[in-house]
Amino acid sequence: MSGTQAKSTPLARQERTFLRFTLGQRWEHALLFLSILVLLLTGLPQKYREFSISQDLLATPDQVFLIQNIHHAAAILLSLVVIYHLGRILVLMSRRSLPGDLLPTMQDLRDAWHMIQYLLFLRKDKPRFGRYNFEQKVTYWVVFFSVAIMGISGLIIWFPIQATSFLPGGVVPAAKLAHSTESVVLAIFILIWHIYHVHIERLNLSMFTGRLSEEEMRTYHEKEYERLAGQSGERK
Amino acid sequence: MRLRNLLFVAGLVACLVSFGFALSSASAGPSFMDRAAVSVNQPAPHPQAADNSLCLSCHSQAGMKVGLDSGETLQLTIDSEAFGASVHGTNEVACTSCHTDITGFPHPDRKVQSLREVTLTFSASCTQCHSDQSALAMDSVHQKALAAGNQNAAVCADCHNPHTQKPMTDPATGKLLPEARLEIPNTCAKCHNAIYGVYAQSVHGAALTQEGNLDVPTCVDCHGVHNIQSPTTASFRNSVPSLCAKCHTDETLMRKYGLSTQVLSTYVSDFHGTTVEIFSKEFPDQPTNKPVCTDCHGTHDIMRIDDPAKGLAVRENLLKKCQACHPDATANFPDAWMSHYIPSPEKYPVVYYINLFYKFMIPGVLGSMGLLVVMDFTRMMINRFRKPKPVVKHEEPSAPVPPAPVEEAAPAETPKAEEETPPVEEVPPPAEAEAVEAEPTVGLEEPEQVEVESAEGESPAPEGSNDEDKEAHND
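These protein sequence lines are chains A and B, in that order.
The opening residue of the first sequence carries number 7 in the numbering used here; numbering runs sequentially from there.
The opening residue of the second sequence carries number 3 in the numbering used here; numbering runs sequentially from there.
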């Protein structure tokens with residue numbers, strides 16, 4: 007991330023940065039981050055009632071009500087983000103301009119296998135990635151499906167009476183279980199997978215700055231870098 | 003001489019006093035408090051026990067009575083046989099222990115004006131032997147009502163007729179005797195007869211009153227004995243689940259009747275029970291709108307679950323209970339509550355399989371992701387420590403391939419990078435997102451990668467070699 011203003015001497019070539027995420031995408035991520043954080047902070051105490059901090063938080067029916075309202079407000083925010091995201095996908099699809107970079111491909115399987123070999127010292131080189139590496143795709147799709155599960159199950163337990171007016175009653179305990187467990191899955195996933203890859207493995211703030219330096223592009227998204235370099239080279 | 007006399011007198015007094023103390027503590031036996039503690043079952047024999055026959059010589063005659071100012075008649079006849087069989091009679095408690103104003107004949111003038119006053123006045127005398135029970139009763143809802151001016155609130159003698167009361171507990175175990183268990187509902191019914199009527203129809207009450215079943219709860223099992231609390235407080239309500247659980251989680255007792263002992267755990271693990279459980283433990287006085295056992299099963303009118311009119315295994319009956327709080331609930335809604343069942347392939351299979359899925363999914367998928375992260379971190383650290391040569395300050399990042407070869411490689415590689423050119427082409431459905439992560443197999447694309455390595459030029463060493471030393475000076 008420091009790539010943008012890092013070097014003064016080695017001229018324009020070094021200053022070059024690559025747009026990774028549009029402003030809209032960055033806002034989506036920020037709101038997603040905010041809503042999921044609030045949802046976890048207000049949801050986990052309801053799941054883990056036996057902890058003293060949960061009990062302080064949920065000491066009276068009024069407080070339970072308040073926490074649930076905050077949870078629901080955050081859920082509505084997340085729903086808006088999801089609607090915007092899906093809507094934008096539909097619009098871009100209708101314009102035939104939806105980039106497919108995030109779709110999982112066989113190459114991702116190969117990259118993952120390659121990566122495992124590299125991590126086991128069976129290979130010396132890391133896989134060369136395109137615009138998004140398989141780790142980033144996993145992040146997107148796990149969050150995608152988690153949010154889908156959380157959203158559907160959350161709606162069922164938020165509106166059990168409406169839900170059971172056309173669904174069997176058994177969906178309510180099922181949704182409760184799924185909602186409660188999936189939240190933990192998502193929390194653990196974000197903690198170990200996402201936090202590791204964007205903060206520990208390397209500090210990657212492109213989701214906030216929107217950009218990666220040329221150096222980072224070359225190192226972590228070599229194929230994409232080459233593709234872009236090739237394009238611009240051809241044009242010149 | 004005068005001094006010696008003085009010392010002698012003082013010594014004599016001291017001796018007498020200490021002797022007196024020794025004597026009194028020896029002869030009086032247990033002090034007042036001790037006696038009270040033992041008293042329930044074995045009150046210390048009273049020194050004046052012999053006098054009882056004197057009293058009974060008159061008071062066992064039939065028809066003895068006296069008119070009170072209130073116009074009521076106080077019966078003065080004591081059934082000497084019944085008294086002899088009573089717990090007081092068998093322990094030879096003297097009449098004058100309670101009737102302390104009677105010292106001889108003629109008796110002093112009567113000061114009480116009504117029958118109720120007689121009972122209320124004499125209840126104070128129970129305390130001298132039964133101080134524990136009396137102290138408990140002081141905390142009871144009956145005592146509160148009495149203090150608030152309700153003269154009809156029950157006092158000791160209303161439940162325990164001192165002239166006929168049989169022993170209630172087994173002196174060895176302190177447990178209620180069978181005949182006492184069976185008698186208790188009748189005792190309470192003296193005032194609470196409407197509730198008795200309902201209780202006697204319930205699954206518990208019918209078993210007790212009709213079959214003499216001693217396993218079922220009698221009044222005091224839920225309401226307590228002497229310190230009976232108001233059952234309408236928030237804290238009583240919050241304590242109901244643990245109250246019922248006393249019996250309903252008892253394996254041996256429930257097995258006898260083929261009942262589940264999971265009723266509490268299944269309740270506590272669901273929406274309603276979670277809240278109530280926390281409240282009962284942490285905030286017992288906090289009212290909750292969540293249902294407790296009695297809200298669905300009833301209180302005194304608890305029925306078998308297959309009872310056609312009230313049993314909760316009958317869907318319509320359960321729906322009615324749901325609608326008490328969820329008025330818009332429809333016919334499917336009661337299934338949202340798993341009716342104390344543990345999900346299994348037969349009961350609530352969806353819940354069962356979701357649980358099973360996560361049981362494997364969490365360690366399987368998240369575990370392998372965690373493993374990958376740990377491996378990644380390990381490799382990163384090994385790389386960092388193996389080659390401590392800082393190229394330039396900013397060229398740090400973990401894959402320190404020199405820029406030059408990459409640029410050279412770039413043109414060479416471009417034709418091979420066909421996969422990326424039109425990104426929209428590869429459209430496998432997104433569904434396999436998770437599959438991407440892990441181990442699958444795919445050893446097949448090795449050849450492609452070999453070329454990448456050779457393109458990087460720097461290491462002319464044979465490709466297949468797995469050793470990291472070469473890799474270490476690779477850069």
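Glycine residues also receive a C-beta, built at the ideal position from the N, C-alpha and C atoms.
Asked, Found
"Local conformation of Ala-193/A per DSSP, three classes", "helix"
"Proximal residues of chain B, C-beta to C-beta of Trp-199/A below 7 angstroms", "Met-371, Val-375"
"Leu-37/A: first and last residue of the uninterrupted alpha helix (DSSP H) it sits in", "29-53"
"At least 3 beta-carbon pairs within less than 8 angstroms: the segment 341-352 of chain B vs the segment 170-187 of chain A", "yes"
"Local Cβ density within 10 Å of Phe-140/A, reported as buried at 16 or more and exposed below that", "buried"
"Beta-carbon neighbours of Ile-207/A, restricted to chain B and to distances below 8 angstroms", "First, the residue type needs correcting, since residue 207/A is Glu and not Ile in the sequence shown. Asp-378, Phe-379, Met-382, Ser-400, listed in chain order."
"Thr-225/A to Leu-197/A span [Cα, whole Å]", "24 angstroms"
"Residue of Leu-29/A, His-35/A, Phe-24/A, Thr-28/A minimising C-alpha distance to Phe-150/A", "His-35/A"
"For Pro-243/B and Leu-261/B, believed in contact at Cβ under 8 angstroms, the rounded distance", "At roughly 16 angstroms, the Cβ-Cβ gap does not stay under 8 angstroms, so Leu-261/B and Pro-243/B are not in contact."
"Contact set for Pro-289/B: own chain, Cβ-Cβ below 6 angstroms, skip 5 residues either direction", "Ala-236"
"Span separating the alpha-carbon of Ser-232/B from that of Leu-58/B", "41 angstroms"
"Reduced DSSP category for Phe-214/A - H, G, I as helix; E, B as strand; rest coil", "helix"
"Expected contact under 8 angstroms - CB spacing of His-206/B and Ile-304/B to nearest Å", "6 angstroms"
"One or two residues paired with Leu-76/B in a DSSP bridge", "Val-68/B"
"Same chain, Cβ closer than 8 angstroms to Thr-28/A, five either side skipped, listed in chain order", "Gly-216"
"Where Asp-330/B meets chain A, residues with beta-carbon distance less than 9 angstroms", "Ile-167, Gln-168, Ser-171"
"Any C-beta of chain B under 9 angstroms from that of Gln-31/A", "no"
"9 angstroms Cβ cutoff, Met-156/A in contact with chain B", "no"
"Proximal residues to Glu-228/A (C-beta, below 7 angstroms), its chain only, five neighbours per side dropped", "Arg-134, Phe-135"
"Reduced DSSP category for Phe-172/A - H, G, I as helix; E, B as strand; rest coil", "helix"
"Residue range of the beta strand (DSSP E) that includes Gln-105/B", "Contrary to the premise, residue 105/B reads as Thr rather than Gln in this sequence. Segment: none, Thr-105/B is in no beta strand (DSSP E) and carries neither H nor E."
"Residue-chain proximity (Glu-34/A, chain B), Cβ-Cβ < 9 angstroms", "no"
"Residue environment, His-109/B, which counts as buried when at least 16 other CB atoms sit within 10 Å", "exposed"
"Members of the segment 256-279 of chain B that neighbour chain D once the beta carbon cut-off is set at 9 angstroms", "The structure shown has no chain D; the protein chains it does contain are A and B."
"Of the residues Thr-263/B, Val-222/B, Thr-220/B, Pro-286/B, the one placed nearest Arg-239/B, counting alpha carbons only", "Pro-286/B"
"With 16 other Cβ atoms within 10 Å as the buried cut-off, status of Trp-33/A", "exposed"
"Unbroken stretches of the beta strand (DSSP E), 3 residues or longer, contained in the segment 87-135 of chain A", "none"
"Phe-24/A, DSSP secondary structure in three states", "strand"
"is_contact[His-203/A, chain B] using C-beta, thresh 9 angstroms", "yes"
"Opening and closing residue of the alpha helix (DSSP H) in which Phe-124/B lies", "117-128"
"Contacting residues, own chain, Cβ-Cβ under 7 angstroms from Cys-249/B (five flanking each side not counted)", "Pro-219, Leu-255"
"Min CB distance Thr-235/B to chain A below 9 angstroms", "no"
"Segment limits, alpha helix (DSSP H) that includes Asn-139/A", "Careful: Asn-139/A lies outside any alpha helix (DSSP H) and carries neither H nor E."
"Three or more C-beta pairs below 8 angstroms linking the segment 81-98 of chain A and the segment 297-312 of chain B", "no"
"Nearest-angstrom Cα separation, counted from Glu-230/A out to Ile-236/A", "For the sequence presented, residue 236/A should be read as Gly rather than Ile. Distance between the alpha carbons of Gly-236/A and Glu-230/A is about 10 angstroms."
"For Pro-293/B, the nearest candidate out of Asp-272/B, Pro-173/B, Ala-311/B (CA to CA)", "Asp-272/B"
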